[in-house]
Structures are given as C-alpha cells and as structure tokens.
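Chemist: The structure under discussion is supplied below as structure tokens; questions concerning it will follow.
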Amino acid sequence: MENGTSDPFYQRFITGPKKSLIIGTSRAAQGIQPEILNNMLNLENDNQLFNYSFTVMHSPYGEIYHNSIFKKLIVNEYDDGIFIVCVDPWSISSLKENPIDRNLYREKNRLLEKLWFVNNNVNFQYLLNYYENSFYEIILRRFVYSPTKLHTDGWYEINLKNISDSYPKILEEKRNQYLSSLKNSSFSKTRFDSFIKLIRELDQRGNVYLVRLPVDPEILKIDNALMPEFDNLIEKMSSVEGMPYLDLTPMSNQFNYTDGNHLLVQSGTEVTKLIGDWIRKERFHSVTSE
Amino acid sequence: MLFNSYEFLLFFPVVFLLYWFVFQKSLKAQNGFILIASYVFYGWWDWRFLGLIAFSSLVDYICGLKIVQVQDSFKRKVYLGISLGVNLGLLGFFKYFNFFIESTVQMINTLGFQANSYSLQLILPVGISFYTFQTMSYTIDVYRGKLKPTKKTIAFFAYVSFFPQLVAGPIERASNLLPQFFQKKSFDYALAMDGMRQILWGLFMKVVIADNCAVFVNQAFNNPESQPASNLLIGAVFFSFQIYGDFGGYSNIAIGTGKLLGFNLMQNFAFPYFSRDIAEFWRRWHISLSTWFRDYVYIPLGGSKGTNYQSLRNIFIIFLVSGFWHGANWTFIIWGAIHAALFIPLYLFGKNRVNIGIVAQNKALPSFYELGQMGVTFTLVTLGWIFFRSPDINSAVGFVRGLFDRSIFQMPQMDIRVYLFMMWVVIFMLLEWGGRREEFAIQKMAFNKPALIRYGLYYGLVMAIFLFAIKDQEFIYFQF
Numbered sequence: 066m067e068n069g070t071s072d073p074f075y076q077r078f079i080t081g082p083k084k085s086l087i088i089g090t091s092r093a094a095q096g097i098q099p100e101i102l103n104n105m106l107n108l109e110n111d112n113q114l115f116n117y118s119f120t121v122m123h124s125p126y127g128e129i130y131h132n133s134i135f136k137k138l139i140v141n142e143y144d145d146g147i148f149i150v151c152v153d154p155w156s157i158s159s160l161k162e163n164p165i166d167r168n169l170y171r172e173k174n175r176l177l178e179k180l181w182f183v184n185n186n187v188n189f190q191y192l193l194n195y196y197e198n199s200f201y202e203i204i205l206r207r208f209v210y211s212p213t214k215l216h217t218d219g220w221y222e223i224n225l226k227n228i229s230d231s232y233p234k235i236l237e238e239k240r241n242q243y244l245s246s247l248k249n250s251s252f253s254k255t256r257f258d259s260f261i262k263l264i265r266e267l268d269q270r271g272n273v274y275l276v277r278l279p280v281d282p283e284i285l286k287i288d289n290a291l292m293p294e295f296d297n298l299i300e301k302m303s304s305v306e307g308m309p310y311l312d313l314t315p316m317s318n319q320f321n322y323t324d325g326n327h328l329l330v331q332s333g334t335e336v337t338k339l340i341g342d343w344i345r346k347e348r349f350h351s352v353t354s355e
Numbered sequence: 004m005l006f007n008s009y010e011f012l013l014f015f016p017v018v019f020l021l022y023w024f025v026f027q028k029s030l031k032a033q034n035g036f037i038l039i040a041s042y043v044f045y046g047w048w049d050w051r052f053l054g055l056i057a058f059s060s061l062v063d064y065i066c067g068l069k070i071v072q073v074q075d076s077f078k079r080k081v082y083l084g085i086s087l088g089v090n091l092g093l094l095g096f097f098k099y100f101n102f103f104i105e106s107t108v109q110m111i112n113t114l115g116f117q118a119n120s121y122s123l124q125l126i127l128p129v130g131i132s133f134y135t136f137q138t139m140s141y142t143i144d145v146y147r148g149k150l151k152p153t154k155k156t157i158a159f160f161a162y163v164s165f166f167p168q169l170v171a172g173p174i175e176r177a178s179n180l181l182p183q184f185f186q187k188k189s190f191d192y193a194l195a196m197d198g199m200r201q202i203l204w205g206l207f208m209k210v211v212i213a214d215n216c217a218v219f220v221n222q223a224f225n226n227p228e229s230q231p232a233s234n235l236l237i238g239a240v241f242f243s244f245q246i247y248g249d250f251g252g253y254s255n256i257a258i259g260t261g262k263l264l265g266f267n268l269m270q271n272f273a274f275p276y277f278s279r280d281i282a283e284f285w286r287r288w289h290i291s292l293s294t295w296f297r298d299y300v301y302i303p304l305g306g307s308k309g310t311n312y313q314s315l316r317n318i319f320i321i322f323l324v325s326g327f328w329h330g331a332n333w334t335f336i337i338w339g340a341i342h343a344a345l346f347i348p349l350y351l352f353g354k355n356r357v358n359i360g361i362v363a364q365n366k367a368l369p370s371f372y373e374l375g376q377m378g379v380t381f382t383l384v385t386l387g388w389i390f391f392r393s394p395d396i397n398s399a400v401g402f403v404r405g406l407f408d409r410s411i412f413q414m415p416q417m418d419i420r421v422y423l424f425m426m427w428v429v430i431f432m433l434l435e436w437g438g439r440r441e442e443f444a445i446q447k448m449a450f451n452k453p454a455l456i457r458y459g460l461y462y463g464l465v466m467a468i469f470l471f472a473i474k475d476q477e478f479i480y481f482q483f
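Protein chains in written order, with this note's numbering: chain S, 66 to 355; chain B, 4 to 483.
In structure tokens, the structure reads:
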C-alpha cells in the first residue's frame, strides 16, 4: 500500500534485485532521475538503472553500504551493468577523532547494516523496525498532497514550489549545519579504501561512471574546506582504475537547489541529462577504441 | 524496555506463562520469579543501576526489622532516619545535585561574586523517584506501627522492584502491595480479562493520544515566539492530553499488567479532566503521589489541624515539594506554586471538599454549570502545564504572553493532521466520559450491548494503536 509518499526509503527495499545502480548519498538520491537515463541509454527491463542512494548518514562509502549494494544486485554473473557512483567529500569522511575507526562509522547500527532483506515485497522487517511514520500515514498520504515521493525507480522527488524567497534563509541554515559538521569530520582512509574496493568489484559487473554532483557554491566552499585535494584524489584514482569521472561542481552556480545541497527537480532533470549525454559519449569512445 | 515495545511483547508473555504454569505451586518460587523478572526488566534500561535498587531495598529491609527490634525510641528514630536519609540521599544526589550547584552559582553571580559552575555527568536512574518513595512508605509505616516488618527477603525485594509499577508508578503503599506477596495466587480469569482491557486502554492513551499530541506540542513549544497564538493554544491543550495520555496510559498498563499476575495495584488517575475545581483535580491526578505527600508530609507537619497560617504553610509546602519531585528545574516549582495559589482560596473558603462525587453521576450529560466548572478547571490546569512543559521560566512566561494575541483567531499554522488528532482527542474524551464511573474508561463499556459491539470497540482500539503508533517516544514520567 505504501506508494512512496509516506517513507523516504521503503520503496527501495521492495523491488527485486537489480543489474544497474545509481549509488551515493542524498545528493544522488534526489538529484539523479533513473527514468531519464533509462530512456537516453535505451535501458530496458532488468537493465534499467535503479537509484540505490540514501543519505550521508546511511550511505557513506564503507563496508556497510558495500554489503547492502551487493544484496541489491542480481546474483547471477554478468558484465553489462551500469553503475553511476556519486562521490563527494562527505561520503568518504568520518569523525575527526579517529577517521579510520570503523566503530565510529555513522551508519553503524542503522538500517542498511541491520536490514536482512532488501528485495522483498512486503518488507516486514523494515515496516516493523525502520518505518518512521505511523501506519495511518500510508492511507492518509494517498489523499493528502505530499511534496515528497519515492519513485519505484528509487528517485526521491522533493517537489518544492516558490522557495526563492525563503531560499537564502534555508541555505544559511544548511550552511551552518555543514560548518558544524566540518569541525568534527575529516578524510577517512578506510572509507576511501572501501570505496576503491567497491568500484573495482562493480567494474567486474559492468561499467562504472564516477560523478561529483553540483551543490550551491556556498556549500561547495565547505566541501572543499573538508577535503581541498578531493578532486585531485578522485581524478588520479579514476585514471589509475580506468573509470571516467565527471565533476559537475564547476557548473554549480547554473543550477537551483532546495537547500543548497540537493537539486531542485528541474535542475535535477538538467543534471541527469548532462550525465546521460556524458555516459553516451563515454560508451561511444569505449566502443570505438576497442 | 518500554511497555509499547517488541521487547516487552516478547518478555511479558514468557513471564506470564512461567508465572502461572511453572511457578504457581510455590509462593516463594512465584515471588522469586517476579523478583528475577523485575530485575531483568529494570536491568534492560541500564544494568548498572540494579545495584542501586538492591541497595535501597536492603537498607529498608534491615531498617524495618531494626525499628521493631529495638525498644529505645531514639534508636528507632535513628533507623527511620537511616532509611529516609539513604533514599532521599540517593534521590537528591542523582536528581538534584546539578540543580543545586547551578542555582547556587547563579545566586552567587547575581550577588556580584564570581563562582564557577561544576556539574557532574550523572545519569538519572530510571524510576528512582518512584521506588525510593515506595520503600520509604514501608519504613515509615513500620515506624508508625501501621505495618509489621517482614522477614521474607524475597517477598520484600519483589515488592520494591515489582516491574509493572517500578519505573513510573503507581507508587504503591507497603500496606497495600506487600501483603499481596504473602498470599498464594490462583489465576482469576475475570481479573485477567479486566487487566487486558486496562492494558488496551492504557496503550490507546499512550500510543494514539500522547505520542501523536507530542508532535504538535513540540512544534508549539519550539520557538513559540515565532508562532501564532492559535498554534500555542493547540500546543498547550495538546500537552494537557499528552501528559495525561502518557502518564495515565502508563499507569493503566502497569495496573493491568499487575492484574494479569493476580495483583491489585491502586488507581492512579480518576478522570482528572472532569474535575470541577482544583481540589477535585488533585484528588483525581497522580493519586498515589498526592496521597503519599498527604500521609507522609502534610499530616506529620500538622495538616490542617493548626492555625490557618500553619495550614496554609503546609499546603504550600506540599505543592512546592510535589512540583520539585517532578524535576530539578524552577519551572516545576513554579508549577507547584501555581497549583498552591489555585488551591488555597478553595481551602480558605471551605470549598475544597465540595465536589467529592462523580460529575453528573446519575445523568448522561453534565449541566451547563458543571460544564463551565470543568472548562474553567481544565483551562487553569492547562495554564499550569505550560510551566511544566517549558524548558525555563522565561520561555513559559513568553508562551503564556504569546497566547494573548489577536493571532489566536488565525487558522493554526500546523500540519493538516492536527485536525485528525483533535478528532481523536474528542473521541478519547467521549469514551472517558462514558466510562467515568468505572476504574478506567472501557472497563465495563458496552457490557450490556451485544458482544459484536463490545468486541468491535476493542478491535477499533487495537487498529488505532496499530495504525497510529509512532516509534521512539519515551514516557514523559521516565525522566522522574
């Protein structure tokens, strides 16, 4: 009965296993629309992309997210999957006091670690333990407008209208929130190593495309303060691993955001199309170079 | 573990089955099992504090025996003093240490001197305000000769730690609960069914009413200065129902659980929001605490037997202490003072024992006058709750001031769900009204109607609990 309007995660855990995934944090969950990519890349049925991104608390890179991703993937051997891996400084950072300590991982004891099954319709474990709202919301939100909807392809749509007046205040609040997190966070080698391990394993199942999504320039300053060498690091790594990397942050001021961190729907559509065009070019180059 | 949790859902049936089917043959075994189950229940919160409750129990067990053994009246007082000292000392240390230090520092700084605040990172043991009062009632009653001390260690420890009422009451008197541990119990089907109904009603109060009202209460009390008065009004009224649903609901679950194990615990709430004046409210709200203060503080101070001044002083002390019992914050003391200020005029004019019976006892509906009385009492109580809920006095005063604004006539700027929960509150009060002559609302509701209607009511309550449950809302009174 839950149709994506009363819970931000449930729909991701009731679809069957997938071959191609979009992974990352909430920037990816809200910013990348699988349907557009599926049309642009002519992906059908089992080959279609599914957005398996969560939040910076639930799905930073590490063993927990790694294990959950592989629970979501089709078990059989195949090598034609597409993996859009969204990465940013926060997704490979941990608490400053000991960034390499896995016991300090913020996703520990949260739902991605504890959920046994991620492909069951109905997912009772999720409903009993992790569904955050009252069950009546499932009924109520079918009749009452909700600005949020988790689509069956995993895209989390947040449809906010007329926020231009309130945007500066919202951005300021988000900025303060990130500045506060900045004090306690730093680059985590263990997370980065997990990230490399993940993309290597995904590469065996298909093609990996690394993406850094745009954010509001004010938030970008904080991202860069967290990891000034982030882009160099990822570019070097992508070159070594042979995986293409698309950094959209130079275009950050061309898009609109809900809160500085997440793309508005229209901007998300534009960004998704940019990613789709880029993947098409990358695929063309890789085909012509073979 | 919370009563409305999966852990309790697994824990209690196991306890129930073992209690009645394995340990029933021996009273000692039953009591021993209750003791173990209670310590498991309490230890689930934090096992580190099991030692504390065991220590408190041991001190009062020994003091109770010694009070009767020694002949010298001074020595008897010493043992009573030890019991009170240990219990109040534990309570004072864990609950009030930081408050006293910070208040003293503030006072010194206000006088122009410099003092640095020093606070301990203390965890408040769950239920400490309840079990210390419960054990003190034992030694006081033994001292007064109202109760013989017991040598039955297991029964006594089980009485102190009895899990249904351990963490949030009712605060049981030794004279009521302890003797029940000396009587062998056999399963009473009618009592058990009554207990099940009471648990169902308690869960409805807690899960549907209290937890859902809390959402809107939190919205209103966070940044009240930036909200219209209509929001604040809803927040205040909903808090009245949140605290009643939470605490009254928990008490109902506790009493119902006790009934399932063959115990009769005292009624703690008797439809307080149908009170016609403040005096009646205090005969119906948190009865176990108010009667405890009456019997162990008010009456020893002289009660109403002395001069008018002494009586008023005693009344004031009781209300302030009652407020202070609720928490280490000036807002609770002010809340107590507000109720003292509301009660004293009734006392002075001899009107504090006018409304003794049940409102509209033999009628279906109240008269307009009674409705007015209930409305005024509810309003005054709700104004007092604002201080109880606010984090500090400035916020409380600001909140009250904010209510008196033209924006009270605006539509509330709250989620549309607020109207759904207004409806639930109305349904809740209608059911309470219908059952006001009983121990709890649905105790005998629809007994004279076809079974379909009665079971339809129970099914409706179960469905409401299932549909409207919100996760992770702690009982308010666990902070005490």
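We put the CB at the ideal spot given by N, CA and C, even for glycine.
Hey, quick one: how far does the beta strand (DSSP E) through Lys84 (chain S) stretch, first residue to last?
Modeler: Taking the first residue of the first sequence as 1, we reach residue 84 (chain S) at position 19. Per DSSP, Lys84 (chain S) belongs to no beta strand (DSSP E) and is neither H nor E.
Chemist: Quick check on the burial criterion: 16 or more other C-beta atoms within 10 angstroms. Buried or exposed for Ser29 (chain B)?
Modeler: Indexing the second sequence from 1 puts residue 29 (chain B) at position 26. Per the 10 Å Cβ criterion, exposed.
Chemist: Terminal residues of the continuous alpha helix (DSSP H) containing Ser245 (chain S)?
Modeler: On the first sequence, residue 245 (chain S) is found 180 positions in, with the first residue counted as 1. Unbroken alpha helix (DSSP H) run through Ser245 (chain S): Tyr232 to Lys248.
Chemist: With a threshold of 8 Å, are at least 3 pairs of Cβ atoms found where one atom belongs to the stretch 176-186 of chain B and the other to the stretch 92-106 of chain B?
Modeler: Flag = no, the stretch 176-186 of chain B and the stretch 92-106 of chain B do not touch.
Chemist: Please go through the same chain and pick out, in chain order, the residues whose beta-carbon is closer than 7 Å to the beta-carbon of Gln476 (chain B), but skip the five residues on each side of it.
Modeler: Taking the first residue of the second sequence as 1, we reach residue 476 (chain B) at position 473. Confidence at Gln476 (chain B) is low in this model, with a pLDDT of 45, below 50, so its placement is unreliable and the value that follows should be read with caution. Closer than 7 Å at the Cβ level, and outside the excluded window around Gln476 (chain B), lie Asp214 and Ala217.
Chemist: Answer yes or no: do Leu434 (chain B) and Ala444 (chain B) have a C-beta to C-beta separation smaller than 8 Å?
Modeler: For the purposes of this step, residue 434 (chain B) is identified with residue 431 of the second sequence, where counting begins at 1. For the purposes of this step, residue 444 (chain B) is identified with residue 441 of the second sequence, where counting begins at 1. Going by C-beta atoms, Leu434 (chain B) is nearer than 8 Å to Ala444 (chain B).
Chemist: Residues of chain S with CB under 8 Å from Ala472 (chain B), in chain order?
Modeler: Start at 1 with the first residue of the second sequence, and residue 472 (chain B) comes out as number 469. Correct list: Ser199 and Phe200.
Chemist: Report the neighbours of Phe185 (chain B) on chain S: residues whose CB is nearer than 9 Å to its CB, in chain order.
Modeler: Taking the first residue of the second sequence as 1, we reach residue 185 (chain B) at position 182. Those do not exist, as Phe185 (chain B) stays about 41 Å from chain S at its closest Cβ, beyond 9 Å.
Chemist: I need the straight-line Cα distance from Trp328 (chain B) to His289 (chain B), nearest angstrom please.
Modeler: Numbered from its first residue, the second sequence carries residue 328 (chain B) at position 325. Numbered from its first residue, the second sequence carries residue 289 (chain B) at position 286. C-alpha separation (whole angstroms): 12 Å.
Chemist: Quick check on DSSP: helix, strand or coil for Val465 (chain B)?
Modeler: Within the second sequence, residue 465 (chain B) is the residue found at index 462, counting from 1. In this structure, Val465 (chain B) counts as helix in the three-state DSSP scheme.
Chemist: Hey, which unbroken runs of the alpha helix (DSSP H) at 4 residues or more fall wholly within the stretch 100-176 of chain S?
Modeler: Within the stretch 100-176 of chain S, the complete alpha helix (DSSP H) runs of at least 4 residues are 128-137.
Chemist: Determine the burial state of Met203 (chain B): buried for a count of at least 16 other Cβ atoms within 10 Å of its Cβ, exposed for fewer.
Modeler: Position 200 of the second sequence, counted from the start, is the residue given in the question as residue 203 (chain B). Residue identity differs from the one stated: residue 203 (chain B) is Leu in this sequence, not Met. Buried is the call here.
Chemist: Rounded to whole angstroms, what's the CA-CA distance from Arg79 (chain B) to Trp338 (chain B)? Just pull it up for me.
Modeler: Within the second sequence, residue 79 (chain B) is the residue found at index 76, counting from 1. Within the second sequence, residue 338 (chain B) is the residue found at index 335, counting from 1. Each residue's Cα considered, the two are about 36 Å apart.
Chemist: Is it buried or exposed for Tyr350 (chain S), if we count other Cβ within 10 angstroms and need 16 for buried?
Modeler: In the first sequence, counting from the first residue as 1, residue 350 (chain S) sits at position 285. The amino acid occupying residue 350 (chain S) in the given sequence is His; Tyr does not appear at that position. Result: exposed.
Chemist: With DSSP collapsed to three states, give me the class of Lys214 (chain S).
Modeler: Counted from its first residue, the first sequence places residue 214 (chain S) at position 149. Lys214 (chain S) falls in the strand class under three-state DSSP.
Chemist: Just how far apart, CA to CA, sit Ile389 (chain B) and Asn104 (chain S)?
Modeler: For the purposes of this step, residue 389 (chain B) is taken as the residue at position 386 of the second sequence. For the purposes of this step, residue 104 (chain S) is taken as the residue at position 39 of the first sequence. Distance between the alpha carbons of Ile389 (chain B) and Asn104 (chain S) is about 57 Å.
Chemist: Within this structure, are the beta carbons of Ile134 (chain S) and Thr255 (chain S) separated by less than 8 Å?
Modeler: Reading the first sequence from its first residue, position 69 is the one you call residue 134 (chain S). Reading the first sequence from its first residue, position 190 is the one you call residue 255 (chain S). Result no, Cβ atoms of Ile134 (chain S) and Thr255 (chain S) do not sit closer than 8 Å.
Chemist: What ranges does the alpha helix (DSSP H) occupy inside the stretch 323-353 of chain S, keeping only unbroken runs of at least 4 residues that lie completely in it?
Modeler: Those alpha helix (DSSP H) runs which fall completely within the stretch 323-353 of chain S and span 4+ residues are 330-353.
Chemist: When burial is assigned at 16 or more other CB atoms within 10 Å of the CB, is Asp154 (chain B) buried or exposed?
Modeler: Counting from one through the second sequence, the residue named residue 154 (chain B) turns up at place 151. Correcting the residue type first, residue 154 (chain B) is Lys in the shown sequence and not Asp. Its Cβ having fewer than 16 others within 10 Å, Lys154 (chain B) is exposed.
Chemist: Would you kindly report the start and end of the unbroken alpha helix (DSSP H) that includes Arg265 (chain S)?
Modeler: Position 200 of the first sequence, counted from the start, is the residue given in the question as residue 265 (chain S). Unbroken alpha helix (DSSP H) run through Arg265 (chain S): Lys254 to Asp268.
Chemist: I want to verify the contact list: residues of chain S whose CB lies under 8 Å from the CB of Ile419 (chain B), in sequence order.
Modeler: Counting from 1 along the second sequence, the entry for residue 419 (chain B) is found at position 416. Ordered by position in chain S, the residues that pass the 8 Å Cβ test against Ile419 (chain B) are Val209.
Chemist: Does the Cβ of Phe478 (chain B) have 16 or more other Cβ atoms within 10 Å, making it buried, or fewer, making it exposed?
Modeler: Looking up residue 478 (chain B) in the second sequence gives position 475. Low local confidence applies: a pLDDT of 48 at Phe478 (chain B) is under 50, so the model's placement there is unreliable, with the coordinate-based value given in what follows. So Phe478 (chain B) ends up on the buried side.
Chemist: When we look at the beta-carbon of Thr382 (chain B) and count the other beta-carbons within 10 Å, is it buried (16 or more) or exposed?
Modeler: Looking up residue 382 (chain B) in the second sequence gives position 379. Exposed is the call here.
Chemist: Can you give me the C-alpha to C-alpha distance between Ser8 (chain B) and Asn188 (chain S), rounded to a whole angstrom?
Modeler: Position 5 of the second sequence, counted from the first residue, corresponds to residue 8 (chain B). Position 123 of the first sequence, counted from the first residue, corresponds to residue 188 (chain S). Approximately 19 Å, taken between the alpha carbons.
Chemist: Consult DSSP for Ser55 (chain B) and reduce its assignment to one of helix, strand or coil.
Modeler: Position 52 of the second sequence holds residue 55 (chain B). With the sequence shown as reference, residue 55 (chain B) is identified as Leu, and Ser is not the correct amino acid for it. DSSP places Leu55 (chain B) in helix when its eight states are reduced to three.
Chemist: Between Gln482 (chain B) and the rest of its own chain, which residues show a CB-CB distance below 6 Å, the 5 nearest in sequence each way excluded?
Modeler: Numbered from 1 along the second sequence, position 479 holds the residue referred to as residue 482 (chain B). Note that Gln482 (chain B) scores a pLDDT of 44, beneath 50, so its modelled location is shaky; the value from the coordinates is reported in the next line. For Gln482 (chain B), where only same-chain residues beyond five positions count, there are no Cβ hits under 6 Å.
Chemist: So, for Gly437 (chain B): in the same chain, excluding its five sequence neighbours on each side, which residues have a beta-carbon less than 8 Å away from its beta-carbon?
Modeler: Here residue 437 (chain B) is taken as the residue at index 434 of the second sequence, counted from 1. Cβ neighbours of Gly437 (chain B) beyond the five flanking positions: Ala444 and Met448.
Chemist: Consult DSSP for Leu311 (chain S) and reduce its assignment to one of helix, strand or coil.
Modeler: Taking the first residue of the first sequence as position 1, residue 311 (chain S) is located at position 246. In the structure shown, Leu311 (chain S) sits in a strand (DSSP, three-state: E or B).
Chemist: Give the interface partners of Phe469 (chain B) over in chain S, defined as CB-CB distance under 7 Å, in chain order.
Modeler: Walking along the second sequence from the start, residue 469 (chain B) turns up at place 466. Simply Phe200.
Chemist: Taking the alpha-carbon positions, what's the Ser189 (chain B) to Trp47 (chain B) distance?
Modeler: Residue 189 (chain B) sits at position 186 when you count from the first residue of the second sequence. Residue 47 (chain B) sits at position 44 when you count from the first residue of the second sequence. If you take the alpha carbons of Ser189 (chain B) and Trp47 (chain B), they lie about 29 Å apart.
Chemist: I need the boundaries of the beta strand (DSSP E) containing Val273 (chain S), first residue and last residue.
Modeler: As a first step, residue 273 (chain S) is located in the first sequence; it is residue number 208 there, counting from the start. Start and end: Gly271 to Arg277.
Chemist: My output table needs one value for Tyr162 (chain B): the three-state DSSP class, helix, strand or coil.
Modeler: For the purposes of this step, residue 162 (chain B) is taken as the residue at position 159 of the second sequence. In this structure, Tyr162 (chain B) counts as helix in the three-state DSSP scheme.
Chemist: Is it true that the CB of Ala239 (chain B) sits closer than 8 Å to the CB of Gly405 (chain B)?
Modeler: Translated into the one-based positions of the second sequence, residue 405 (chain B) becomes position 402. Translated into the one-based positions of the second sequence, residue 239 (chain B) becomes position 236. Contact: no.
Chemist: Can you list, in chain order, the residues of its chain whose CB lies under 7 Å from that of Leu53 (chain B), leaving out five sequence neighbours each side?
Modeler: For the purposes of this step, residue 53 (chain B) is identified with residue 50 of the second sequence, where counting begins at 1. Here the set comprises Tyr42, Tyr45 and Gly46.
Chemist: Leaving aside the five residues before and after Ala273 (chain B) along the sequence, list all residues of the same chain whose C-beta is less than 6 Å from its C-beta, in chain order.
Modeler: By one-based count along the second sequence, residue 273 (chain B) stands at place 270. Contacts found: Arg287.
Chemist: Could you pull the DSSP bridge partners for Ser251 (chain S) from this structure?
Modeler: Counting from 1 along the first sequence, the entry for residue 251 (chain S) is found at position 186. Partner(s): S:Ser159.
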